Structure formats: structure tokens, C-alpha cells
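A.B. asks: Following this message is one structure expressed as C-alpha cells.
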Amino acid sequence: MDVSFFQEILSKISDRGRQILDLSSLIGTDAEESFEELCQALVSSRGEASGVALARRILDLYRLTTDKEKDAFFVFLARHFLPSTEAVQRAATAYLEQPEIGRLETLMAAVESPRQELFRRLNLAPGGTTALVRMREDLLRRLKDNPQLAGVDRDFVHLFSSWFNRGFLVLAHLSWSSPASILEKLIAYEKVHKIHGFEDLRRRLDPNDRRCFAFFHPALVDEPLIFVQVALASEIPSSIQLLLASDAEDFDDPDPSVAVFYSISNCQDGLRGISFGNFLIKQVAEDMKKEKPSLKTFVTLSPAPTFRSWLEANKAELSYLPAAQRKLIDAALAGQFGESEEELDALEPAILAAAAHYYLRAKDKKGKPVDPVARFHLGNGARLERINWLGDTSEKGIRESLSVMVNYLYDLKDIERNHEAYVNLSQVAASKAVRSILLAPEPNAKAAQRKSETIS
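Going by this note's numbering, the sequence shown opens with residue 5, and the numbers climb by one from there.
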């Protein structure tokens with residue numbers, strides 16, 4: 005069905021509902037009070053037309069609120085739209101007394117947050133899905149300072165995970181001939197390597213060796229959810245500046261062997277935490293394999309966005325490195341990155357050793373790699389294939405990663421095995437080349453050494 009036509013139908017239903025239902029009696033002078041009355045009315049509404057009209061009124065009112073009024077609205081949702089303790093207790097007791105399917109369904113209905121039903125009904129309004137995604141953007145900005153709102157966010161995530169299920173997503177191949185409105189959004193949403201206007205965008209879309217794919221959802225008209233930029237090559241690249249150079253010659257080999265995913269950008273902040281990227285990469289790899297049977301290798305050229313900040317805070321973990329290398333790392337962190345080829349050559353082994361430690365040994369509280377890009381690709385079953393010195397020499401690249409970029413390899417025959425090892429055992433799949441850079445002794449070897457020293 006044409007989405008705009010469907011939205012027009014909803015608008016007509018909403019307008020008809022406004023004529024049937026007098027909303028003026030529900031709207032107070034205080035924004036929080038108005039929200040409370042309208043939301044309670046929406047959840048208790050039985051008529052379809054009146055429900056759509058109420059949902060539209062709430063979303064219209066929300067768009068006009070100030071930040072302070074939005075604060076109050078989210079606190080209201082957190083405090084008042086909760087399951088009934090008495091109803092949960094009754095349903096749980098009844099199920100424990102006689103565990104049958106009917107009582108289980110009653111219990112499941114009792115424990116579900118009323119906020120989820122509120123969000124479902126708000127989604128009936130024209131443009132409701134987009135409005136709810138924007139609403140969660142506002143919520144996410146408040147979570148850090150207002151942990152009481154975490155329950156509201158969990159309800160958003162629960163619903164969005166279903167609404168934006170892979171089965172509803174549409175994969176589109178974007179090109180220079182795609183609608184201008186979408187091309188403008190590619191420029192605006194690019195988060196990895198900034199696109200400097202339409203000429204730069206054309207260089208990434210138009211040549212024979214470039215591809216761009218995006219996921220769309222029928223409810224978010226002309227709004228990409230996530231997009232990936234791909235380059236075709238004959239070998240695995242180690243530098244983004246060569247890949248994106250404005251004067252680079254087109255790679256016009258009819259039988260390329262390597263597909264490089266060099267930029268993956270999530271477009272909707274309100275859908276943070278909803279996984280699209282793993283489906284996107286695997287789908288694109290399958291489609292490109294059909295288009296170009298010569299493709300044998302699927303890799304990324306990925307940034308290391310938190311490497312430098314981690315290194316500044318955790319230099320003590322690298323005490324095993326030679327003193328000369330630690331001194332060079334300190335100088336690089338202080339801004340002395342190297343002005344000559346000789347200085348860069350001297351700095352290279354020190355930074356690469358630190359980067360190998362960062363990827364293979366540095367862990368977060370859950371025992372996973374501290375690098376967010378690594379968690380994404382390793383969780384998808386990729387292998388850390390290569391760490392690249394001077395991979396990104398832009399100001400941003402040096403500021404965030406001291407120029408380091410990495411290649412993750414998607415070997416189709418090993419993806420499932422790597423994924424299981426990562427998820428279940430927190431094992432990082434890495435090539436021998438990467439592991440050879442690591443200078444730190446194995447953890448069990450360090451423990452054995454301490455034990456030996458204690459005994460002696």
C-alpha cells in the first residue's frame with residue numbers, strides 16, 4: 005500500500021474523530037495536567053475514530069511543549085503508567101494455584117506496562133511512528149540525569165524492537181539518481197566520514213566501484229534508518245584518505261575481489277539500541293555476491309573512536325612496553341604526533357602495540373571489548389583482521405584514534421562460529437597478524453609468574 009495514501013486515510017479518521025469528540029473539556033491550562041487527562045482518556049478510549057483523534061491531539065500538544073514540560077511529561081509516564089500491584093498479585097496467585105494457559109495469559113496482561121498500550125495507541129495517529137521515535141530522542145537526552153525514566157525507555161525499546169523487525173525493513177540501493185530529498189539526508193546523517201557537499205557525495209555514489217545501501221521502514225517515509233557505503237577493490241585497503249581522495253582514479257575492474265564497507269551510519273537517534281547493522285551487512289554481502297560473483301572478501305575499514313581516550317586513561321596497563329615506546333606514546337598524547345617520516349616510523353610500533361592491547365585485552369564491565377565498533381562487528385561474527393597505522397590522518401582521526409583504523413573480515417563460513425564464541429565466551433576472533441603485534445604476556449603466564457615469585 006502507498007504509505008502517503010494510508011497516512012491520508014488516518015488523517016481523515018482523525019479529523020472525523022475530532023468532530024465526534026469534544027476535546028476541549030480534557031485540556032487544562034497546565035501542560036502536565038493536560039497530558040495526564042489526555043493520556044488517561046486515550047488508554048480508556050474504545051472508539052477507533054476518537055482514539056486516533058486523541059492520539060493526534062497528544063502528539064500535537066507534545067510538539068508544542070517546552071523542555072521543562074517534556075521533563076514533567078516523562079516523569080508522569082514513569083510514575084503513573086505502571087502495572088497494578090494488586091492485579092499482578094491476584095493473577096500470579098491464581099496461576100500458581102492452577103497453572104493453565106488462560107491464567108498465564110491473565111498474568112502476562114497484568115504485568116505489561118500500561119505505557120506500552122499508550123504508545124501503541126499514540127502510534128495510530130498520522131505520523132505516529134515518527135513522532136514516537138522523536139519522543140524517544142528527547143527521552144534519551146534525559147536518561148543520564150534521570151535514571152527513574154529507565155522504565156519508560158525499556159518500554160520504547162520493547163515496542164520498537166517489534167515495530168522495526170527485519171521483516172518490515174526494505175533494503176534500497178541508493179545512487180546518484182536517487183531522490184534529492186534522500187541524498188540530502190545522506191549528507192546530514194553521515195557520522196563516520198563527513199560528506200562535504202554534493203560533489204563529495206557524488207564521488208561516493210556515482211563511480212562504478214562504489215555502492216550505497218540503506219534500510220527503510222514503511223512508517224518512516226523517505227527516512228533511512230541506517231546506510232552503508234561500499235567500495236569495490238582488488239585488495240584490502242588500509243587508509244581512508246586514499247579511499248575517499250577526490251582525485252582518486254576509478255577502480256574499473258569488471259571482476260573485483262574485495263568489497264569494503266567503509267562507513268556505516270545509524271540515522272535515527274531515537275532508535276538507538278535497535279539492531280539493524282548486522283542484518284544490513286549480511287544482506288548487502290549476499291546481494292553483492294549475486295551481482296559480482298568475483299567477490300571473495302568482505303571487509304570493513306573501521307574507525308577506533310575511543311582508542312585515544314582509553315589510552316589517556318589507561319596508560320598504566322601498558323607498563324610492560326619498553327620505556328622508549330611508552331615515552332613516544334606520551335608524546336603523541338601530548339600532541340607531538342610526529343612531523344617527519346622518521347618520527348612517524350618510530351611511533352608506529354608503539355601505537356600498534358597499544359592498539360593491539362586495546363582490542364584484545366581491554367574489557368568493559370561485561371567482559372566485552374571497550375571499543376563500541378569492535379563490539380558491533382565482533383558480535384556480528386566478524387574477525388579483527390588488521391590494525392592500520394595512519395589509517396585516518398584527518399584531524400578527527402588523530403584526535404580520536406591517533407590515526408588508527410582497523411579491518412574486520414566477514415568470512416561467511418566462520419561468521420556463526422565467531423559469533424557464538426564472542427557471545428558465549430567473550431572471545432575476540434583475531435588474525436595471527438593482529439595477535440603477533442600484542443607484546444603483553446598471556447594472562448595465565450602472568451599468573452604463573454606471580455605464583456612462582458611467591459613460592460621463591
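Cβ atoms here follow ideal geometry from the backbone N, Cα and C, with glycine treated the same way.
For clarity, every value in this text was computed on a predicted model and none was experimentally measured.
1) Between isoleucine 17 and the rest of its own chain, which residues show a CB-CB distance below 6 Å, the 5 nearest in sequence each way excluded?
2) Rounded to the nearest angstrom, what separates lysine 148 and aspartate 349 at their Cα positions?
3) Please report how far the alpha carbon of leucine 68 lies from the alpha carbon of phenylalanine 78, in whole angstroms.
4) Measuring CB to CB, does serine 238 end up less than 9 Å from serine 261?
5) Would you mind reading off the limits of the alpha helix (DSSP H) that contains asparagine 318?
6) Between the C-alpha atoms of lysine 300 and glutamine 287, what's the straight-line distance to the nearest angstrom?
7) Excluding sequence positions up to five away, which residues of its chain have a Cβ less than 7 Å from the Cβ of alanine 96?
8) Return the chain-ordered ranges of every alpha helix (DSSP H) run that is complete within the region 122-166 and spans a minimum of 4 residues.
9) Measure the C-alpha to C-alpha separation of leucine 46 and alanine 308 and round it to an integer number of angstroms.
10) From the DSSP secondary-structure annotation, give me the bridge partner or partners of phenylalanine 80.
11) Once the 5 residues before and after glutamate 116 are set aside, which same chain residues still bring their CB inside 8 Å of it?
12) Let's see if you can read the secondary structure: which residues bound the beta strand (DSSP E) around phenylalanine 217?
13) From the DSSP secondary-structure annotation, give me the bridge partner or partners of proline 307.
14) Asparagine 127 and serine 242: beta carbons closer than 9 Å?
15) According to DSSP, is tyrosine 426 helix, strand or coil?
16) Nearest-angstrom Cα distance between glycine 395 and aspartate 75?
17) Is the number of C-beta pairs between the region 217-226 and the region 364-374 that are closer than 8 Å three or more?
18) Is it a yes or a no for the region 319-339 touching the region 419-430, going by three-plus beta-carbon pairs under 8 Å?
19) Spell out the partners DSSP gives lysine 286 in its beta bridges.
20) Could you compute how far the alpha carbon of aspartate 375 sits from the alpha carbon of cysteine 43?
21) To the nearest angstrom, report how far apart valine 303 and isoleucine 391 are at their CA atoms.
22) What first and last residue would you give for the beta strand (DSSP E) that runs through glutamate 265?
23) Among Ile186, Gly281, Leu364, which has the Cα closest to the Cα of leucine 224?
24) Mind checking whether asparagine 282 and phenylalanine 164 have CB atoms under 9 Å apart?
25) Please state the DSSP three-state secondary structure of arginine 387.
26) Contact between the region 132-139 and the region 58-67: three or more CB pairs below 8 Å?
27) Go through its chain and collect everything with a Cβ distance to leucine 27's Cβ below 6 Å, but skip five positions before and after it.
28) Could you tell me how far apart the beta carbons of arginine 387 and serine 435 are, in whole angstroms, since I believe they sit closer than 8 Å?
29) Tell me whether alanine 235 sits in a helix, a strand or coil according to DSSP, three-state version.
30) Please determine, among Leu356, Leu406, His361, Pro353, the residue with the shortest C-alpha to C-alpha distance to phenylalanine 341.
31) Considering only the beta carbon of each residue, do isoleucine 441 and leucine 356 sit closer than 9 Å?
32) Who pairs with proline 373 in a beta bridge, going by DSSP?
33) Could you pull the DSSP bridge partners for asparagine 392 from this structure?
34) Using the rule of at least 16 other Cβ atoms within 10 Å of the residue's Cβ for burial, across every protein chain shown, is proline 183 buried or exposed?
35) Can you give me the C-alpha to C-alpha distance between arginine 169 and serine 298, rounded to a whole angstrom?
C.D. replies: The short version:
1) One-based indexing of the sequence shown puts residue 17 at position 13. Note that isoleucine 17 has pLDDT 43, beneath the 50 cutoff, so the model's placement of it is unreliable and no number is given.
2) Taking the first residue of the sequence shown as position 1, residue 148 is located at position 144. Taking the first residue of the sequence shown as position 1, residue 349 is located at position 345. The straight-line gap from Cα to Cα measures roughly 42 Å.
3) Here residue 68 refers to the residue found at position 64 of the sequence shown. Here residue 78 refers to the residue found at position 74 of the sequence shown. Near 15 Å, if we compare the C-alpha coordinates of phenylalanine 78 and leucine 68.
4) Mapped onto the sequence shown, residue 238 falls at position 234. Mapped onto the sequence shown, residue 261 falls at position 257. Result yes, Cβ atoms of serine 238 and serine 261 sit closer than 9 Å.
5) For the purposes of this step, residue 318 is identified with residue 314 of the sequence shown, where counting begins at 1. Looking at the DSSP string, asparagine 318 is not in any alpha helix (DSSP H), and its letter there is neither H nor E.
6) Counted from its first residue, the sequence shown places residue 300 at position 296. Counted from its first residue, the sequence shown places residue 287 at position 283. Distance between the alpha carbons of lysine 300 and glutamine 287 is about 15 Å.
7) Reading the sequence shown from its first residue, position 92 is the one you call residue 96. Cβ within range, chain order: Leu111.
8) Counting whole runs of 4 or more residues, the region 122-166 contains the alpha helix (DSSP H) stretches 132-147.
9) Counting from one through the sequence shown, the residue named residue 46 turns up at place 42. Counting from one through the sequence shown, the residue named residue 308 turns up at place 304. Straight through space, the alpha carbons of alanine 308 and leucine 46 are spaced by roughly 46 Å.
10) As a first step, residue 80 is located in the sequence shown; it is residue number 76 there, counting from the start. By DSSP's assignment, phenylalanine 80 forms no beta bridge with any residue.
11) Taking the sequence shown and counting its residues from 1, the one referred to as residue 116 is at position 112. By the criterion of a C-beta distance shorter than 8 Å, glutamate 116 is surrounded in its chain by Pro87, once the five residues flanking it on both sides are discounted.
12) Start at 1 with the first residue of the sequence shown, and residue 217 comes out as number 213. Per DSSP, the unbroken beta strand (DSSP E) holding phenylalanine 217 starts and ends at 214-220.
13) Position 303 of the sequence shown holds residue 307. The partner list for proline 307 (beta bridge, DSSP) reads Met409.
14) For the purposes of this step, residue 127 is taken as the residue at position 123 of the sequence shown. For the purposes of this step, residue 242 is taken as the residue at position 238 of the sequence shown. In this structure, asparagine 127 keeps its C-beta atom at 9 Å or more from the C-beta atom of serine 242.
15) To locate residue 426, count along the sequence shown from 1; it is residue 422. Of the three classes helix, strand and coil, the one that applies to tyrosine 426 here is helix, per DSSP.
16) As a first step, residue 395 is located in the sequence shown; it is residue number 391 there, counting from the start. As a first step, residue 75 is located in the sequence shown; it is residue number 71 there, counting from the start. Going from the Cα of glycine 395 to the Cα of aspartate 75 covers about 43 Å.
17) Judged by Cβ distances under 8 Å, the region 217-226 makes no contact with the region 364-374, as fewer than three pairs qualify.
18) Contact between the region 319-339 and the region 419-430 is absent, because fewer than three Cβ pairs lie under 8 Å.
19) Within the sequence shown, numbered from 1, the residue matching residue 286 stands at position 282. Among the bridge pairs identified by DSSP, lysine 286 is matched with none.
20) Within the sequence shown, the letter at position 371 stands for residue 375. Within the sequence shown, the letter at position 39 stands for residue 43. Near 41 Å, if we compare the C-alpha coordinates of cysteine 43 and aspartate 375.
21) Translated into positions along the sequence shown, residue 303 becomes position 299. Translated into positions along the sequence shown, residue 391 becomes position 387. Each residue's Cα considered, the two are about 13 Å apart.
22) Counting from 1 along the sequence shown, the entry for residue 265 is found at position 261. In the sequence on display, residue 265 carries phenylalanine and not glutamate. First-last of the beta strand (DSSP E) with phenylalanine 265: 262-270.
23) Residue 224 sits at position 220 when you count from the first residue of the sequence shown. The shortest C-alpha to C-alpha distance from leucine 224 to any of Ile186, Gly281, Leu364 is the one to Ile186.
24) On the sequence shown, residue 282 is found 278 positions in, with the first residue counted as 1. On the sequence shown, residue 164 is found 160 positions in, with the first residue counted as 1. Going by beta carbons, asparagine 282 and phenylalanine 164 fall outside the 9 Å limit.
25) Here the question's residue 387 lines up with position 383 in the sequence shown. The answer is strand: DSSP assigns arginine 387 an E or B state.
26) Put simply, the region 132-139 touches the region 58-67. At least three CB pairs are less than 8 Å apart.
27) For this step, residue 27 is matched to residue 23 along the sequence shown. For leucine 27, the predicted structure reports a pLDDT of 43, less than 50, and the residue's modelled location is therefore unreliable. A value from the coordinates is still provided. Around leucine 27: Arg61.
28) In the sequence shown, residue 387 corresponds to position 383, counting from 1. In the sequence shown, residue 435 corresponds to position 431, counting from 1. Confirmed, about 6 Å.
29) Locating residue 235 in the sequence shown gives position 231, counting from the first residue. Three-state result, alanine 235: strand.
30) Translated into the one-based positions of the sequence shown, residue 341 becomes position 337. In this structure, Leu406 is the residue among Leu356, Leu406, His361, Pro353 with its C-alpha nearest to the C-alpha of phenylalanine 341.
31) Locating residue 441 in the sequence shown gives position 437, where the first residue counts as 1. Locating residue 356 in the sequence shown gives position 352, where the first residue counts as 1. Yes, the Cβ-Cβ distance between isoleucine 441 and leucine 356 is below 9 Å.
32) Working through the sequence shown from its first residue, we reach residue 373 at position 369. According to DSSP, which records beta bridges pairwise, proline 373 is partnered with Lys367.
33) Locating residue 392 in the sequence shown gives position 388, counting from the first residue. The secondary-structure analysis by DSSP pairs asparagine 392 across a beta bridge with Met409.
34) Mapped onto the sequence shown, residue 183 falls at position 179. Answer is exposed; the Cβ neighbour count stays below 16.
35) If you number the sequence shown from 1, residue 169 lands on position 165. If you number the sequence shown from 1, residue 298 lands on position 294. The question names arginine, yet the displayed sequence has asparagine at residue 169. Cα to Cα, the separation comes out at about 32 Å.
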